[in-house]
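2 protein chains.
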Amino acid sequence: MTPKRRGQAPRQSDVARLAGVSQSAVSRVISGDVDSARIPEETRQRVLAAIKELGYVPNASARNLRNKRNRLIGVHTFEAVFPHARDDFYFEFLLGIEERAEQTGFDLVMFTSTGAGDGRRRVYRDGTNRLNLADGSVLLGVSTDRAELARLWADGYPFVHIGRREVPGAEIPCVIPDYRGAATGIVDKLAGHGHRRFAYLREPMEMEPYADRRDGYREAVERLGLTDRSPGFRGESGLTGEWIDELVRGGETAVVAESVRLAEQLLGGLRERGVRVPEDISVAVLEATWEGTSAQWDSLEIPRVAIGRIAVDRVIDMLDHPDQPPESLLVPCPIVPGTTIAAAREERP
Amino acid sequence: MTPKRRGQAPRQSDVARLAGVSQSAVSRVISGDVDSARIPEETRQRVLAAIKELGYVPNASARNLRNKRNRLIGVHTFEAVFPHARDDFYFEFLLGIEERAEQTGFDLVMFTSTGAGDGRRRVYRDGTNRLNLADGSVLLGVSTDRAELARLWADGYPFVHIGRREVPGAEIPCVIPDYRGAATGIVDKLAGHGHRRFAYLREPMEMEPYADRRDGYREAVERLGLTDRSPGFRGESGLTGEWIDELVRGGETAVVAESVRLAEQLLGGLRERGVRVPEDISVAVLEATWEGTSAQWDSLEIPRVAIGRIAVDRVIDMLDHPDQPPESLLVPCPIVPGTTIAAAREERP
DNA sequence: CAGATGTGCTCATACGTATGAGCAGCGGGA
DNA sequence: TCCCGCTGCTCATACGTATGAGCACATCTG
Chain L
1 MTPKRRGQAP
11 RQSDVARLAG
21 VSQSAVSRVI
31 SGDVDSARIP
41 EETRQRVLAA
51 IKELGYVPNA
61 SARNLRNKRN
71 RLIGVHTFEA
81 VFPHARDDFY
91 FEFLLGIEER
101 AEQTGFDLVM
111 FTSTGAGDGR
121 RRVYRDGTNR
131 LNLADGSVLL
141 GVSTDRAELA
151 RLWADGYPFV
161 HIGRREVPGA
171 EIPCVIPDYR
181 GAATGIVDKL
191 AGHGHRRFAY
201 LREPMEMEPY
211 ADRRDGYREA
221 VERLGLTDRS
231 PGFRGESGLT
241 GEWIDELVRG
251 GETAVVAESV
261 RLAEQLLGGL
271 RERGVRVPED
281 ISVAVLEATW
291 EGTSAQWDSL
301 EIPRVAIGRI
311 AVDRVIDMLD
321 HPDQPPESLL
331 VPCPIVPGTT
341 IAAAREERP
Chain E
1 MTPKRRGQAP
11 RQSDVARLAG
21 VSQSAVSRVI
31 SGDVDSARIP
41 EETRQRVLAA
51 IKELGYVPNA
61 SARNLRNKRN
71 RLIGVHTFEA
81 VFPHARDDFY
91 FEFLLGIEER
101 AEQTGFDLVM
111 FTSTGAGDGR
121 RRVYRDGTNR
131 LNLADGSVLL
141 GVSTDRAELA
151 RLWADGYPFV
161 HIGRREVPGA
171 EIPCVIPDYR
181 GAATGIVDKL
191 AGHGHRRFAY
201 LREPMEMEPY
211 ADRRDGYREA
221 VERLGLTDRS
231 PGFRGESGLT
241 GEWIDELVRG
251 GETAVVAESV
261 RLAEQLLGGL
271 RERGVRVPED
281 ISVAVLEATW
291 EGTSAQWDSL
301 EIPRVAIGRI
311 AVDRVIDMLD
321 HPDQPPESLL
331 VPCPIVPGTT
341 IAAAREERP
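Top to bottom, those sequences are chains L and E. For the first sequence, UniProt numbering gives the first residue as 1, with consecutive numbering after it. For the second sequence, UniProt numbering gives the first residue as 1, with consecutive numbering after it.
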């Protein structure tokens with residue numbers, strides 16, 4: 001037994017010949033175009049049988065050329081996926097993407113190939129948009145190329161980006177962890193434990209996700225009428241010994257830290273000064289924590305799997321409603337209970 | 001700014017009109033078809049200028065349609081990929097697959113969607129081969145469906161399977177870890193340490209990969225003129241207290257175990273009897289080890305990343321040479337040095 | 001019985017590209 | 001002068017699919 005000569009995959013015309021109809025009839029059966037197609041059940045069955053017998057499968061490129069969908073969702077990462085996956089950046093997103101694609105009957109195209117030899121992955125290679133093969137795409141990556149995003153958007157290609165990316169002159173549809181909401185949630189939680197005097201520990205960098213957290217924090221503090229006496233807040237940022245000294249002197253009972261890194265430094269500094277967490281001061285972290293941190297932080301979680309799922313849904317939505325202007329979507333971040341928040345000390349007047 | 005209405009991208013014919021040539025001339029300039037194209041430099045420049053002015057971008061689907069290639073390699077796993085990836089079964093294969101696809105300019109299609117609701121992923125859905133979307137595919141999975149492999153093969157679809165799968169009447173092209181070679185290598189290594197009297201510890205199951213290991217072991221033992229006095233070898237298999245007793249009485253100095261599981265049991269049994277590893281008896285394992293085993297075994301490594309790369313190469317090879325009958329390929333398994341092999345004791349005569 | 005309406009298809013074409021075949025014009029050799 | 005061969009293109013077609021237009025026939029209406 002030898003395999004069939006891999007000459008050609010069967011085409012609609014082959015199916016048509018076998019079923020004794022025309023190619024266009026086959027196309028109509030496949031499209032399931034009920035209203036205008038007027039194909040009686042008996043013919044339909046004959047065509048379907050022929051399709052089955054020949055193992056016919058539609059040619060993606062031809063379909064695409066005709067502007068039809070392929071039930072294919074693209075995944076484009078601006079760096080190699082798998083080398084990073086262990087480190088958890090992409091991995092869980094992909095989990096959600098795969099899961100949802102599976103549920104909705106889409107297959108996934110991983111756009112892996114780089115254009116140039118520089119390792120940077122680009123959407124446009126030789127000027128051609130490679131994503132076009134897929135009906136729509138999910139993009140992710142830390143080193144996202146904003147110019148490419150802008151061009152994709154200008155070309156009207158349906159895609160979403162995981163994580164907020166803002167490009168002047170374009171409205172990039174993104175799926176974004178709701179850092180703002182998480183920040184207010186964490187303040188609410190602390191307030192629920194009786195805390196009234198807060199401090200906010202900020203990262204030196206100015207980045208969009210941090211801005212969201214800061215907004216949320218401020219909003220919650222104001223809404224609840226709490227006191228924010230963050231040393232250095234709005235001023236120089238980051239953590240210094242001075243900052244901690246001032247914190248301890250000031251009598252704040254709750255600290256909200258932007259990152260695990262900062263929280264860890266803070267914890268060390270407080271211990272040195274004999275201040276206990278959470279007995280004396282509660283600390284919460286506005287970042288997802290990972291294993292191997294020195295404390296079990298009260299923190300937020302980035303729902304990566306859910307974000308992956310939602311990204312797929314958003315793309316499908318854009319395919320179904322091509323005329324609606326694409327919008328970004330916030331995804332709530334659960335607050336993970338830890339052991340660094342406790343009831344506020346009685347205030348000594 | 002609003003996005004372009006999709007589908008209004010300039011075509012070669014637009015470029016041609018602007019440059020005052022024909023569409024085919026434009027195509028030839030783009031293809032850079034030096035030999036047969038006979039386009040003078042001046043015309044070439046005019047065309048290139050027009051391309052630039054219009055922002056022309058080749059249409060991938062049209063190209064694919066013409067070339068009958070999609071530069072797409074399929075990856076079909078018989079279970080969901082990502083949920084398992086952490087557990088390491090698929091993960092490193094994918095690493096290699098992605099890497100090589102990237103290098104060779106292929107994109108990856110992950111065939112994720114199940115046909116039925118039973119969670120089993122099938123190649124053929126409604127009798128049609130879904131993989132046809134990709135030029136060729138790499139298949140993997142523990143629960144491979146052999147009937148589907150056979151059908152794929154009969155259809156002449158270009159694919160390889162990672163791991164040996166034998167189907168009567170078909171010659172499934174596989175990429176296979178060379179367990180046989182690794183087994184002889186390990187025997188060689190032991191012999192190099194002066195061992196002459198060997199025992200082989202086998203798994204109860206009869207599976208192809210084990211058969212390979214056993215062949216390799218036997219071959220090396222015979223070639224080197226060593227003694228194999230495995231208790232129970234060729235007879236009942238697995239590890240019993242009796243087996244260990246007989247081993248200790250027999251005076252063998254080297255044991256080759258088929259699996260970490262067996263080796264661990266053996267180690268325990270030897271310890272109970274006051275026999276030291278590796279001082280008294282050296283033990284090697286014919287399986288890849290993982291973290292968290294009780295000893296640092298001298299063992300083999302399954303070069304998963306390399307296998308992934310090679311699988312992609314094999315598929316591309318099949319695409320380039322459709323007439324060559326596809327062959328399986330052995331991939332050497334490196335031998336990982338551990339601490340369970342030492343020089344053989346002096347034989348006391 | 002003429003005309004209208006409906007059914008079950010087929011025909012022809014377009015999508016954008018690549019490529020073998022071929023054609024017009026020119027220079028050069030016999 | 002005739003013809004050959006080269007240059008610089010153009011023409012036509014095929015890839016596989018989807019779809020508007022239309023055709024032949026049947027059935028119904030008045």
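Glycine included, each C-beta is placed from N, C-alpha and C at the ideal position.
Rounded to the nearest angstrom, what separates residue 350 of chain E and E:Leu-247 at their Cα positions?
Not covered by the structure: residue 350 of chain E. The range shown for chain E is 1 to 349.
Determine the chain E residues that contact L:Thr-112 at a beta-carbon separation under 7 Å, and present them in chain order.
Simply Glu-98, Ala-101, Glu-102, Asp-107 and Leu-108.
Figure out for me which residue from E:Glu-148, E:Ser-259 and E:Lys-189 has the closest Cα to the Cα of E:Glu-203.
The residue with the shortest Cα to Cα distance from E:Glu-203 is E:Ser-259.
Are there 16 or more other CB atoms within 10 angstroms of the CB of L:Pro-326, so buried, or fewer, so exposed?
Buried.
Inter-residue Cα distance where the pair is E:Ser-294 and E:Glu-264:
E:Ser-294 and E:Glu-264 have their C-alpha atoms roughly 7 Å apart.
Secondary structure at L:Asp-212, three-state DSSP: helix, strand or coil?
DSSP places L:Asp-212 within a helical segment (H, G or I) once states are collapsed to three.
Tell me where the alpha helix (DSSP H) around E:Ala-62 begins and ends.
Looking at the DSSP string, the run of the alpha helix (DSSP H) that includes E:Ala-62 is 60-67.
Determine, for L:Leu-149, whether the minimum Cβ-Cβ distance to residues of chain E falls below 8 Å.
Cβ-Cβ to chain E under 8 Å: no for L:Leu-149.
L:Val-57 CB to nearest chain E CB: under 8 Å?
At least one chain E Cβ lies under 8 Å of L:Val-57.
Answer yes or no: does any C-beta atom of chain L fall closer than 8 Å to that of E:Arg-130?
Answer yes: the Cβ-Cβ gap between E:Arg-130 and chain L drops below 8 Å somewhere.
May I ask whether a heavy atom of the ligand SAM can be found less than 7 Å away from the beta carbon of E:Ala-284?
The ligand SAM is not part of the structure shown, which contains no ligands of any sort.
Chain E contact residues for L:Ala-19, given Cβ-Cβ distances below 8 Å:
At a C-beta separation below 8 Å, L:Ala-19 has no neighbours in chain E, since its nearest C-beta there lies roughly 14 Å away.
Over the uninterrupted beta strand (DSSP E) stretch that includes E:Met-110, give me the two end residues.
For E:Met-110, the enclosing beta strand (DSSP E) starts and ends at 107-111.
Whole angstroms are fine: how far does the CA of E:Gly-250 sit from the CA of L:Ala-85?
Bear in mind that a pLDDT of 47 at L:Ala-85, under 50, signals an unreliable position, so the number given afterwards is only what the model happens to contain. For L:Ala-85 and E:Gly-250, the distance between alpha carbons rounds to 49 Å.
Rounded to whole angstroms, what is the Cα-Cα separation between L:Tyr-56 and E:Asp-320?
Annotation: L:Tyr-56 to E:Asp-320 spans about 23 Å, alpha carbon to alpha carbon.
Select from E:Glu-301, E:Gly-163 and E:Glu-252 the residue whose C-alpha is nearest the C-alpha of E:Glu-279.
That would be E:Glu-252, whose Cα lies nearest to the Cα of E:Glu-279.
Euclidean distance between Cα positions of L:Ile-162 and E:Ala-257
For L:Ile-162 and E:Ala-257, the gap between their C-alpha atoms comes out near 48 Å.
If you count every other CB in all the chains shown that lies within 10 Å of the CB of L:Gln-12, and 16 or more means buried, which is it?
Label assigned to L:Gln-12: buried.
Report yes if the CB atom of E:Gly-308 is closer than 8 Å to the CB atom of E:Ile-172, and no otherwise.
At a Cβ-Cβ threshold of 8 Å, E:Gly-308 and E:Ile-172 do not count as neighbours.
Do L:Ser-143 and L:Phe-78 have their beta-carbon atoms positioned less than 8 Å apart in this structure?
Contact flag set, yes.
In terms of DSSP beta bridges, what is residue 351 of chain E paired with?
Given a span of 1 to 349 for chain E in the structure shown, any question on residue 351 of chain E remains unanswerable.
Can you pull the chain L residues whose beta carbon is under 8 Å from the beta carbon of E:Leu-133, in chain order?
Contacts between E:Leu-133 and chain L, judged by CB atoms closer than 8 Å, involve Val-57, Ala-60, Asn-70, Leu-72 and Asp-107 in chain order.
Three-way DSSP call (helix, strand, coil) for E:Ala-154 in this model
In the three-state scheme derived from DSSP, where H, G and I count as helix and E and B as strand, E:Ala-154 is classed as helix.
Can you name, in chain order, every residue of its own chain whose Cβ lies under 7 Å from the Cβ of L:Asp-188, other than the five neighbours on each side?
The residues are Ala-220.
Measure how close the beta-carbons of L:Leu-190 and L:Ser-282 come, nearest whole angstrom, since I'm counting them as under 8 Å.
With a Cβ gap of about 6 Å, L:Leu-190 and L:Ser-282 count as contacting.
Let me check understanding here. Comparing Cα to Cα, which of E:Phe-111, E:Arg-146, E:Arg-271 and E:Arg-121 lies closest to E:Gly-136?
With distances taken between Cα atoms, E:Gly-136 lies closest to E:Phe-111.
Suppose contacts are defined by Cβ-Cβ distances below 8 Å. Is E:Val-109 in contact with E:Leu-65 by that definition?
Contact: no.
With DSSP run on the structure shown, which of helix, strand or coil describes L:Val-315?
Looking at L:Val-315 - three-state DSSP - the assignment turns out to be helix.
What's the C-alpha gap between L:Glu-222 and L:Tyr-200?
C-alpha separation (whole angstroms): 13 Å.
Tell me which same chain residues have a C-beta within less than 8 Å of the C-beta of L:Arg-276, skipping the five on either side of it?
For L:Arg-276, where only same-chain residues beyond five positions count, the Cβ hits under 8 Å are Leu-270.
Nearest-angstrom Cα distance between E:Arg-28 and E:Thr-43?
E:Arg-28 and E:Thr-43: Cα-Cα distance of roughly 11 Å.
Going by DSSP, which residues form a beta bridge with L:Thr-77?
DSSP output for L:Thr-77 lists L:Leu-140 as bridge partner(s).
Please name the residue, chosen from L:Val-331, L:Gln-324 and L:Ala-344, that lies closest to L:Gly-156 on a Cα-to-Cα basis.
Cα-wise, what sits closest to L:Gly-156 is L:Gln-324.
Would you please verify whether the beta carbon of E:Leu-329 is less than 8 Å from any beta carbon of chain L?
Closer than 8 Å: no.
Note down, in chain order, each residue of its chain lying with its Cβ closer than 8 Å to the Cβ of L:Gly-49, except the 5 sequence neighbours on either side.
Residue 49 of chain L is actually Ala in this sequence, not Gly. Cβ contact annotation for L:Ala-49 (same chain, cutoff 8 Å, sequence separation greater than five): Ala-19, in chain order.
Here's the rule: buried if 16 or more other CB atoms are within 10 angstroms of the residue's CB, otherwise exposed. What is L:Arg-214?
Around the CB of L:Arg-214, 16 or more other CB atoms lie within 10 Å, so the residue is classed as buried.
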